[in-house]
Each structure stands twice: as C-alpha cells, then as structure tokens.
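Residue numbers (the UniProt record's numbering): 1 to 245.
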C-alpha cells in the first residue's frame with residue numbers, strides 16, 4: 001500500500017539521520033522512531049488516554065519549542081539589530097567617505113580649473129610681456145632718433161648762430177669802414193672846398209689890391225656872410241658829386 005511504502009521511506013530517511021538537528025528535537029527522537037516503525041492498525045488501536053498524554057506532552061514540547069524559538073528569535077533579533085547597526089554605521093561611514101570624496105573631487109576640479117586659468121593668464125602675461133618689449137624697443141629707437149635729431153638741430157643752430165654772428169661782425173666792420181671812408185671823404189671835400197674858397201678869395205683879393213685899397217686892408221681879410229654862403233654851396237656841390245654807396 002502507498003502508506004506502507006511512505007512509512008518505509010520515512011524510516012529509511014530517519015535511519016540515515018545520525019542525530020537530531022536540535023536539542024529540542026532530540027527529546028522526541030525515540031517517539032519518532034517508534035511512531036515510524038508502528039503500523040497504522042496499531043496506531044488506531046491505541047487507548048484514548050495515550051493520545052491525551054501525547055497531547056499534553058505535545059503541548060509541553062510546543063511550549064519548550066516556543067520558548068527556544070523565542071530565545072532564538074530574540075538572539076536573532078539582537079544579532080540582526082547589531083548587524084543593522086553595524087551596516088548602518090558602515091553605510092553612514094561610506095556616505096561620509098563618499099561626501100568627503102566628492103568634496104575632494106570638487107576641490108580637485110576647482111584646482112584644475114584654476115590651474116588652467118593660471119596657464120591662460122600666464123600665456124596672456126607672456127604675450128603682454130612680448131608686446132611691451134617690442135613697444136619698449138620701438139620707443140628706444142624713437143628716443144635715439146629724437147636725440148640724434150636734437151643733436152643735429154643743436155649743431156645747425158650753433159652753426160647758424162655762428163654764421164649770424166660772423167655776418168653781424170662783418171656787417172659792423174663794413175659799416176665802420178664805410179663810416180670811416182665817408183668821414184675821410186667828407187673831410188677831403190671840406191678841405192677841397194676850403195682850398196677852392198681860399199683860391200677864389202685870394203684871387204678876389206688880388207683883384208681888389210689893384211684898386212684903391214691899401215695893403216693894410218688887404219692883409220686883414222674879412223669873411224662876410226656872402227663868403228659863408230659860398231663855402232656852404234661848395235660843400236653841397238662836393239657832396240652831390242660824391243659817389244653814392
């Protein structure tokens with residue numbers, strides 16, 4: 001029958017088990033072996049008080065098992081709680097470490113960006129430095145050119161002033177020489193006019209002495225206003241005959 005086969009299989013399984021998995025189940029091992037080895041007819045023919053005692057024993061066993069399970073569950077809960085706390089602490093530590101890692105990564109990214117900006121600024125400063133050097137070189141060339149032009153202008157100014165001084169000196173000499181020549185010519189004209197005047201005067205006096213005048217009157221010549229006018233006329237004629245310079 002199928003029940004008999006099932007019972008035999010259970011007996012074989014029990015025979016393979018050397019000992020109970022827990023202490024609570026080990027107390028029921030003899031009963032289990034007897035139960036598995038007894039036929040169904042024998043089980044049904046057992047008296048009623050046997051089943052009542054079995055129920056009481058079963059209840060006691062259930063209580064023991066419940067207490068054991070409760071202790072086990074309590075220890076399990078404590079272990080689970082400890083594991084949860086450890087896992088929570090580990091997770092919290094991991095989150096803090098990840099936060100610190102993100103902060104460090106952000107700082108590293110900022111440092112890299114700042115480094116790139118510093119490179120860009122350094123290149124810009126280098127370009128500005130090169131431009132400033134070129135501009136300074138251009139200014140130096142311009143300054144040198146201006147200094148050369150200034151020296152040339154100073155030399156030209158000195159030369160011009162020297163030429164002007166020489167020209168003024170030469171002009172003053174020429175004017176002085178011309179004044180001396182004019183003075184000598186004027187003196188010569190005056191002397192010539194005076195000689196002519198004296199010659200005319202002497203000729204007039206010689207003509208008068210042939211008349212009624214006495215030698216005493218002739219020896220003391222008198223210059224009248226007419227003689228002065230004649231002398232001025234002679235001087236004016238001599239000036240007009242002088243060459244104009």
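Glycine included, every Cβ here is placed at the ideal spot set by N, Cα and C.
If I follow the unbroken alpha helix (DSSP H) through residue i, where does it start and stop?
i	result
residue 37	29-37
Would you mind sorting residue i into buried or exposed? The rule is 16 or more other CB atoms within 10 Å of its CB.
i	result
residue 219	Since pLDDT at residue 219 reaches only 46, below the 50 mark, its modelled position is unreliable, and no value is offered.
residue 251	Since the first residue of the chain shown is 1 and the last is 245, residue 251 is not available in this structure.
residue 172	exposed
residue 191	exposed
residue 124	exposed
residue 90	exposed
residue 229	exposed
residue 155	exposed
residue 97	exposed
residue 244	Summary for residue 244: the model assigns pLDDT 47, below 50, so the residue's position carries little reliability, and this model does not support an answer.
residue 193	buried
Please determine, among the options, the residue with the shortest C-alpha to C-alpha distance to residue i.
i	options	result
residue 233	156, 139, 106, 196	196
Do residue i and the ligand SAH come close, with the Cβ less than 7 Å from some heavy atom?
i	result
residue 77	This structure simply doesn't include the ligand SAH, nor any ligand for that matter.
Helix, strand or coil for residue i? Go by DSSP, reduced to three states.
i	result
residue 216	Low confidence applies to residue 216: its pLDDT is 46, below 50, so where it sits in the model is not reliable, and the reading given next is rough at best. Reduced to three states, the DSSP call for residue 216 is helix.
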